[in-house]
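Below is one structure, written out as structure tokens; the observations come after it.
Numbering (my numbering), first residue to last: -5 to 139.
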């Protein structure tokens, strides 16, 4: 429940929803990479490439919504550690897309699955921190909203 500020609900940023959706797709790529590693069916590698692409598209949408949140005053100051964590995950996912464009087994093993695992760990940490890269305007970051 949001805290009342001057009789109005405190505005909530919209970007955490898109960050979480994109993060879920990028983390799912680790599962499909591990499935490809276990049975070598090429369709799993294709699924990984699709999940990575979808996750990066949602990351771009999240960045645009973050700018919108900031411009509309829904978001407080940027938490640079959270922003940096998500930025590193996005950059590694871009690298991972290029790795997944290789042909056959080398599109996933060994470097594709390793990068997917690193991204999944980074995004797991970001998820535990709440998927939000800003504080809610008018609330302290650790406060329940």
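The beta-carbon is built from N, C-alpha and C at its ideal position, and this holds for glycine as well.
Beta-bridge partners of residue i, as assigned by DSSP
i           : result
residue 88  : None, per the DSSP bridge assignment.
residue 96  : Residue 96 is not bridged to any residue.
residue 128 : 72
With 16 other Cβ atoms within 10 Å as the buried cut-off, status of residue i
i           : result
residue 124 : exposed
residue 134 : With a pLDDT of only 48 at residue 134, under the threshold of 50, the placement of this residue in the model should not be trusted, and no figure is reported.
residue 65  : exposed
residue 32  : exposed
residue 13  : buried
residue 75  : exposed
residue 19  : buried
residue 34  : exposed
residue 10  : buried
residue 52  : buried
residue 93  : buried
residue 21  : buried
residue 16  : buried
residue 116 : buried
8 Å contact criterion, which residue i and residue j should meet: CB distance rounded
i           : j           : result
residue 59  : residue 8   : 5 Å
residue 79  : residue 109 : About 16 Å separates the two Cβ atoms, so there is no contact after all.
residue 128 : residue 71  : 7 Å
residue 28  : residue 107 : 7 Å
residue 101 : residue 23  : Between residue 23 and residue 101 the Cβ distance is about 12 Å, and since that is not below 8 Å, they are no contact.
Cβ of residue i within 8 Å of any chain B Cβ
i          : result
residue 84 : No chain B appears in the structure shown, which is made up of a single protein chain.
Residue range of the alpha helix (DSSP H) that includes residue i
i           : result
residue 28  : 9 to 33
residue 105 : 105 to 122
message: List, from N- to C-terminal side, the beta strand (DSSP E) runs of 3 residues or more that fit wholly inside the segment 36 to 78.
response: 69 to 72
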